[in-house]
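The structure under discussion appears below in the form of structure tokens.
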Amino acid sequence: MKQMIELLNKEAMSAFAQAGYEESLGKVTLSNRPDLCEYQCNGAMAAAKKYKKAPIMIANDVVAILEKSPAFQDVTAVNPGFINLKLDKEYLAEYLRDMQADENLSVEKTGKPQTIMIDYGGANVAKPLHVGHLRSAIIGESVKRIGRFMGHKVIGDVHLGDWGLQMGLIITEVKHRQPDLPYFDPAFQGEYPTEAPFTISELEEIYPCASGKSKEDAAYKEEALEATAKLQNGDPGYRALWNHILNVSIADLKKNYGNLNVEFDLWKKESDAQPYIPDMVEEMKRAGFAYEDQGALVVDIKEETDTKEIPPCIILKSDGAALYTTTDLATIIERMKLYHPDEIIYIVDKRQDMHFTQVFRCARKTGLVNEDTRLKFLGFGTMNGKDGKPFKTREGGVMRLERLIADINEEMYRKIMENHEADPKEARETARLVALSAIKYGDLSNQASKDYVFDVDKFTSFEGDTGPYILYTIVRIKSILSKYQANGGILENTRICAAANDSEKSLMIQLTGFGGAIVQAYEETAPHKICSYIYDLANSFNRFYHETKILSEENEEQKASWIALLKLTRDVLETSIDLLGFSAPERM
RNA sequence: GCAUCUGUAGCUCAGGGGAUAGAGCAGCGGUUUCCGGUACCGCGUGUCGGGGGUUCGAAUCCCUCCAGAUGCGCCA
Numbered sequence: 004m005k006q007m008i009e010l011l012n013k014e015a016m017s018a019f020a021q022a023g024y025e026e027s028l029g030k031v032t033l034s035n036r037p038d039l040c041e042y043q044c045n046g047a048m049a050a051a052k053k054y055k056k057a058p059i060m061i062a063n064d065v066v067a068i069l070e071k072s073p074a075f076q077d078v079t080a081v082n083p084g085f086i087n088l089k090l091d092k093e094y095l096a097e098y099l100r101d102m103q104a105d106e107n108l109s110v111e112k113t114g115k116p117q118t119i120m121i122d123y124g125g126a127n128v129a130k131p132l133h134v135g136h137l138r139s140a141i142i143g144e145s146v147k148r149i150g151r152f153m154g155h156k157v158i159g160d161v162h163l164g165d166w167g168l169q170m171g172l173i174i175t176e177v178k179h180r181q182p183d184l185p186y187f188d189p190a191f192q193g194e195y196p197t198e199a200p201f202t203i204s205e206l207e208e209i210y211p212c213a214s215g216k217s218k219e220d221a222a223y224k225e226e227a228l229e230a231t232a233k234l235q236n237g238d239p240g241y242r243a244l245w246n247h248i249l250n251v252s253i254a255d256l257k258k259n260y261g262n263l264n265v266e267f268d269l270w271k272k273e274s275d276a277q278p279y280i281p282d283m284v285e286e287m288k289r290a291g292f293a294y295e296d297q298g299a300l301v302v303d304i305k306e307e308t309d310t311k312e313i314p315p316c317i318i319l320k321s322d323g324a325a326l327y328t329t330t331d332l333a334t335i336i337e338r339m340k341l342y343h344p345d346e347i348i349y350i351v352d353k354r355q356d357m358h359f360t361q362v363f364r365c366a367r368k369t370g371l372v373n374e375d376t377r378l379k380f381l382g383f384g385t386m387n388g389k390d391g392k393p394f395k396t397r398e399g400g401v402m403r404l405e406r407l408i409a410d411i412n413e414e415m416y417r418k419i420m421e422n423h424e425a426d427p428k429e430a431r432e433t434a435r436l437v438a439l440s441a442i443k444y445g446d447l448s449n450q451a452s453k454d455y456v457f458d459v460d461k462f463t464s465f466e467g468d469t470g471p472y473i474l475y476t477i478v479r480i481k482s483i484l485s486k487y488q489a490n491g492g493i494l495e496n497t498r499i500c501a502a503a504n505d506s507e508k509s510l511m512i513q514l515t516g517f518g519g520a521i522v523q524a525y526e527e528t529a530p531h532k533i534c535s536y537i538y539d540l541a542n543s544f545n546r547f548y549h550e551t552k553i554l555s556e557e558n559e560e561q562k563a564s565w566i567a568l569l570k571l572t573r574d575v576l577e578t579s580i581d582l583l584g585f586s587a588p589e590r591m
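Numbering (our numbering), first residue to last: 4 to 591.
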């Protein structure tokens with residue numbers, strides 16, 4: 004169904020046209036002066052010059068026509084030429100009834116569903132997730148859900164880092180510790196064990212240990228490089244060991260992402276793209292894109308409009324090895340071949356902007372993607388501590404994601420138990436949900452591209468612009484609805500009627516803005532727009548709630564109308580937080 | 001050095017050509033015959049980094065300067 008603002012635009016545009024002015028001038032926006040009106044139209048001022056006429060006169064002409072529209076209860080022209088609009092109450096109620104009946108709450112699914120791949124998460128095999136991985140996971144998950152809600156086919160891919168020296172280092176360290184394992188015996192002919200020779204916690208200790216050694220011990224590093232090469236050349240024992248590393252690691256990653264309500268459709272890995280590299284390189288050479296420069300194989304990607312020198316894209320190092328860029332390009336080939344995406348969105352630290360500029364240009368120039376395939380880089384800013392510097396533990400180290408989440412869960416649990424008596428088991432689960440809302444809302448309510456301060460005290464607060472405040476509002480609505488049902492009320496039999504007071508009307512107007520907020524969040528890949536929308540909505544609801552005694556209302560039709568309004572408010576809020584990637588408990 | 005991004009209230013952030021620049025937190029003062037007061041209402045605070053320009057109108061667009069973050073060929 005059409006958005007409210009579109010309907011109003013149509014009214015205003017036709018009024019301008021009927022009054023003899025250009026139709027496009029009739030653009031209606033939400034009022035920025037709620038004391039004066041609900042919606043406004045500024046077209047008369049823009050028209051003044053064109054028609055050499057005082058704006059107020061133009062506004063008067065338009066108002067004369069607009070007054071007849073059933074959409075408005077009040078239309079006035081104000082100096083110097085504003086047109087102030089107030090919505091008709093019945094028209095508004097009618098719209099909300101339609102919205103409630105619409106399965107997508109007024110948001111029209113796209114007529115042209117596209118396949119969108121989202122590359123997010125940024126996890127590496129055998130390395131624990133840390134706070135640096137938080138933003139990509141949270142933002143990516145939300146972008147994915149928003150795209151799906153709009154009716155697109157969205158594929159989330161974690162794109163694991165599983166290739167390169169890190170793997171060689173781990174294999175080398177395992178070899179030093181357990182040299183008798185069959186993986187290191189070239190003569191071994193039997194079946195390799197199905198059980199991994201290490202647990203996830205051992206694995207997480209092995210990598211930093213090996214990495215440390217390689218920095219001090221040249222021979223050790225040499226060994227790791229050899230192991231890397233051997234793995235990449237397909238040594239069966241090394242491959243078998245590598246598979247163990249992958250399995251152990253992926254199981255652990257799935258658990259951790261699961262705790263964040265983050266789910267990937269694909270668990271593709273850098274190694275999956277390797278088979279595409281040789282042909283890709285050959286083709287780039289053959290077509291004349293790639294040439295040798297200072298020993299390396301490069302592709303020029305300069306463009307005339309550049310304001311600075313963009314270095315060429317290096318395809319192969321001077322020693323012939325592939326690098327990050329190479330793998331990313333090969334991954335594009337694989338994605339195009341297997342999934343035919345119309346768009347690929349990369350949700351990565353904004354410091355990698357230059358890298359992706361190179362990859363995208365190179366992919367386009369060498370024809371790896373179709374002309375109309377969109378490649379989008381959504382760079383996010385750094386998560387800082389209260390001191391404004393990158394978030395660290397108290398000891399100054401990198402904080403593991405698991406620890407961060409556990410700490411916040413604990414804090415939430417403490418708050419819940421402190422505030423009222425609760426069953427410890429239920430309180431644990433509630434704490435988990437509220438903590439997740441705190442973390443995700445805290446992150447998503449900031450613009451992705453900016454650095455932001457991760458302030459645990461602020462995010463976990465039940466007051467202000469926070470996740471817990473949103474959840475609290477939802478829980479409160481649920482509580483009233485269930486009381487209504489407990490007293491014999493039937494939710495399905497309720498019907499929204501015209502607003503009885505101002506706070507109810509502004510809640511209703513706020514509800515009509517849902518579709519616009521979602522569409523904008525989708526078009527701008529900006530989940531924070533949803534946050535600010537639901538924060539305003541929660542405020543509107545709470546204001547209305549305080550002025551209106553709902554359950555004790557004697558007029559049954561009026562009571563049912565309010566219940567219907569509450570139900571719609573709950574649905575809009577819950578749909579919205581689902582798009583942000585968290586959910587609300589029944590009680591808290 | 002060059003480039004990109006950022007600069008809005010004491011703090012954390014919205015707003016991105018229109019009417020008096022907004023929220024939250026922090027501070028102060030109210031609201032309870034209570035459907036969850038973890039709420040709601042009110043009060044104060046601004047050279048929108050500085051300066052120039054475009055426009056009937058600029059926090060918003062353009063130029064310039066200042067400050068900070070980040071990035072600048074064989075790491076990922």
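Think of the CB as a built atom: it goes at the ideal place given N, C-alpha and C, for glycine as much as any other residue.
Quantities reported herein were computed from a predicted structural model and do not represent experimental measurements.
Tell me residue i's beta-bridge partners as DSSP assigns them.
{"i": "LYS89", "result": "ASP77"}
{"i": "MET386", "result": "TYR455"}
{"i": "ASP352", "result": "PHE383"}
{"i": "CYS316", "result": "VAL302"}
{"i": "LEU378", "result": "ILE347"}
{"i": "ALA107", "result": "Per the sequence presented here, residue 107 reads as Asn, with Ala not at that position. ASN107 pairs with nothing; no bridge assigned."}
{"i": "HIS133", "result": "ARG403"}
{"i": "LYS233", "result": "LYS233 is not bridged to any residue."}
{"i": "LYS443", "result": "Paired residue(s): none; LYS443 is not in a bridge."}
{"i": "ASP160", "result": "ASP122 and LEU269"}
{"i": "ASN127", "result": "GLY164"}
{"i": "PRO393", "result": "ASN387"}
How many angstroms separate the CA atom of residue i from the CA atom of residue j?
{"i": "ASP220", "j": "TYR455", "result": "39 Å"}
{"i": "VAL372", "j": "ILE336", "result": "8 Å"}
{"i": "PHE75", "j": "SER109", "result": "20 Å"}
{"i": "LYS305", "j": "GLY159", "result": "31 Å"}
{"i": "ASN449", "j": "THR528", "result": "13 Å"}
{"i": "ALA430", "j": "PRO530", "result": "29 Å"}
{"i": "THR497", "j": "GLU589", "result": "22 Å"}
{"i": "LEU163", "j": "CYS316", "result": "22 Å"}
{"i": "LYS481", "j": "GLN561", "result": "19 Å"}
{"i": "LYS461", "j": "THR469", "result": "8 Å"}
{"i": "PHE19", "j": "TRP565", "result": "37 Å"}
{"i": "ILE537", "j": "GLU93", "result": "24 Å"}
{"i": "HIS155", "j": "GLN117", "result": "5 Å"}
{"i": "ASP238", "j": "LEU439", "result": "43 Å"}
{"i": "ALA501", "j": "LYS147", "result": "37 Å"}
{"i": "THR79", "j": "LYS453", "result": "41 Å"}
{"i": "GLU507", "j": "ASP165", "result": "55 Å"}
{"i": "ARG479", "j": "MET357", "result": "47 Å"}
{"i": "ASN504", "j": "ILE59", "result": "31 Å"}
{"i": "LEU188", "j": "ASN387", "result": "Residue identity differs from the one stated: residue 188 is Asp in this sequence, not Leu. For ASP188 and ASN387, the distance between alpha carbons rounds to 48 Å."}
{"i": "VAL81", "j": "MET48", "result": "11 Å"}
{"i": "ILE493", "j": "LYS5", "result": "29 Å"}
On the DSSP letters alone, give me the boundaries of the beta strand (DSSP E) that residue i sits inside.
{"i": "ALA293", "result": "293 to 296"}
{"i": "LEU404", "result": "Element bounds for LEU404: not the beta strand (DSSP E) but the alpha helix (DSSP H), 404 to 422."}
{"i": "MET120", "result": "118 to 122"}
From the options, pick the residue whose C-alpha is nearest to that of residue i; which is it?
{"i": "ALA567", "options": "GLU589, GLU97 and GLN523", "result": "GLU97"}
{"i": "PHE85", "options": "VAL31, GLY237 and MET16", "result": "VAL31"}
{"i": "GLN181", "options": "ARG138, VAL161, PHE152 and LEU244", "result": "LEU244"}
{"i": "GLU9", "options": "LEU33, TYR342, GLY125 and PHE462", "result": "LEU33"}
{"i": "ASN250", "options": "THR231, ASN236 and LYS271", "result": "LYS271"}
{"i": "ASN262", "options": "LEU407, GLU106, ASP458 and ILE61", "result": "LEU407"}
{"i": "ILE411", "options": "GLU507, THR463, ILE419 and THR572", "result": "THR463"}
{"i": "ILE442", "options": "ASN545, LYS147, GLY154 and ALA140", "result": "ALA140"}
{"i": "GLU577", "options": "ASN490, MET283 and TYR475", "result": "TYR475"}
{"i": "TYR327", "options": "ILE348, LEU69, ILE280 and ASP390", "result": "ILE280"}
{"i": "ALA15", "options": "GLY23, GLY29, GLN277 and ILE119", "result": "GLY29"}
{"i": "CYS532", "options": "SER579, LYS257 and PRO344", "result": "Note on identity: in this sequence residue 532 is Lys, with Cys being the wrong assignment. For the residues SER579, LYS257 and PRO344, the minimum Cα distance to LYS532 belongs to SER579."}
Alpha helix (DSSP H) containing residue i: first to last residue?
{"i": "LYS13", "result": "7 to 21"}
{"i": "HIS247", "result": "239 to 262"}
For this session: Only counting runs of 4 or more residues, tell me where the alpha helix (DSSP H) segments fall wholly within the stretch 29 to 62, in order along the chain.
Result: Within the stretch 29 to 62, the complete alpha helix (DSSP H) segments at least 4 residues long are 46 to 54, listed from N- to C-terminus.
Exercise. What are the uninterrupted segments assigned as alpha helix (DSSP H) that are 4 or more residues long and contained completely in the stretch 447 to 491, given in chain order?
Worked result: Those alpha helix (DSSP H) runs which fall completely within the stretch 447 to 491 and span 4+ residues are 459 to 462 and 470 to 489.
Exercise. Along the chain, which unbroken stretches of the alpha helix (DSSP H) at least 4 residues long are found entirely within the stretch 503 to 579?
Worked result: Runs found: 505 to 515, 517 to 526 and 531 to 550.
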